[in-house]
Amino acid sequence: MTTHQRPRHEVPVDESVPDPSTHHGRRVWAVARIGVGWIFLWAFLDKTFGLGYATPPDHSWLNGGRPTQGFLANSASGPFKGFYTSIAGAAWADWLFMLGLAGIGIAMILGIGMRIAAIAAAIQLVLMWSVALPPANNPLIDDHIIMAILVIGLAYANAGDTWGFGKPWSRTGLVQSWPVLR
28 MTTHQRPRHE VPVDESVPDP STHHGRRVWA VARIGVGWIF LWAFLDKTFG
78 LGYATPPDHS WLNGGRPTQG FLANSASGPF KGFYTSIAGA AWADWLFMLG
128 LAGIGIAMIL GIGMRIAAIA AAIQLVLMWS VALPPANNPL IDDHIIMAIL
178 VIGLAYANAG DTWGFGKPWS RTGLVQSWPV LR
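Given below as structure tokens:
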């Protein structure tokens, strides 16, 4: 019995052409990164200057307002209520909260320090989620938890490399010595 086999032809792959799904996927991650960064940076700017959205001008941080006071004092419920109401409006809590908002927002928008920014954002988001337990809108999941997962994904995906300064940042001596700063 004779079998006839066709010769196999290997199709050359041009490595310089990006895979479309990966190319578009990186752009989606970049848009998500910039969007998350803007959410954090906007919260910082509005609370600092009282731009009239969530924070009226007379309650701005610059006018003596306490960024953590309203949310922690008025929204706290559940097992951590006593803790959160006790730190509401404390200067150290305001400073940590505001520095977190600014640092996370700037890092995400620029695409640098994504690992630390993602860890800080995830911690801040989980803490914000834990202020009001059980969640009022959904007993199983909350937007803070979804965003915490998202920011970790952004760091793992190196989302700062697309439309950000992640690649040049990763080549600096500082980041080469301390990869956690990636």
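Just so we're aligned, residue 28 is where the sequence shown starts under my numbering, counting upward by one.
The beta-carbon is built from N, C-alpha and C at its ideal position, and this holds for glycine as well.
Quick caveat: nothing in here was measured; it's all calculated off a predicted structure.
Extent of the continuous alpha helix (DSSP H) to which residue 85 belongs: Looking at the DSSP string, residue 85 is not in any alpha helix (DSSP H), and its letter there is neither H nor E.
Burial state of residue 74, where buried means 16 or more other Cβ atoms lie within 10 Å: Flag for residue 74 reads buried.
Residue 115 - DSSP class collapsed to helix/strand/coil: Coil, per DSSP.
Cβ-based neighbour list, residue 81, same chain, cut-off 8 Å, excluding 5 preceding and 5 following: 70, 73 and 74
Counterpart residues of residue 159 in DSSP-defined beta bridges: 104.
Cutoff 6 Å; reference residue 212; Cβ partners in own chain excluding five residues on either side: Since the displayed the chain opens at 28 and closes at 209, residue 212 lies outside it and no answer follows.
CA-to-CA distance, residue 137 to residue 197, given in whole angstroms: A straight-line Cα-Cα distance of about 13 Å links residue 197 and residue 137.
Identity of the residue in 121, 57 and 49 nearest residue 193 by Cα: 57
Contacting residues, own chain, Cβ-Cβ under 7 Å from residue 157 (five flanking each side not counted): 107
Which of helix, strand or coil DSSP assigns to residue 169: coil
Boundaries (first-last residue) of the alpha helix (DSSP H) holding residue 196: 193-197
Residue 125 beta carbon less than 8 Å from that of residue 94: yes
Run of the alpha helix (DSSP H) containing residue 202, from where it starts to where it stops: 200-204
Contact belief for residue 175 with residue 104 at Cβ below 8 Å, rounded distance in angstroms: Not confirmed; about 20 Å, so no contact.
Burial state of residue 183 (16 or more Cβ within 10 Å): exposed
Top-ranked residue by Cα proximity to residue 55, from 190, 204 and 200: 190
Coarse secondary structure for residue 140, derived from DSSP in three states: coil
Secondary structure of residue 164, DSSP reduced to three states: Coil at residue 164, not helix or strand.
For residue 187, the nearest candidate out of 119, 142, 79 and 118 (CA to CA): Ranked by how close their Cα comes to the Cα of residue 187, the residues 119, 142, 79 and 118 have 142 in first place.
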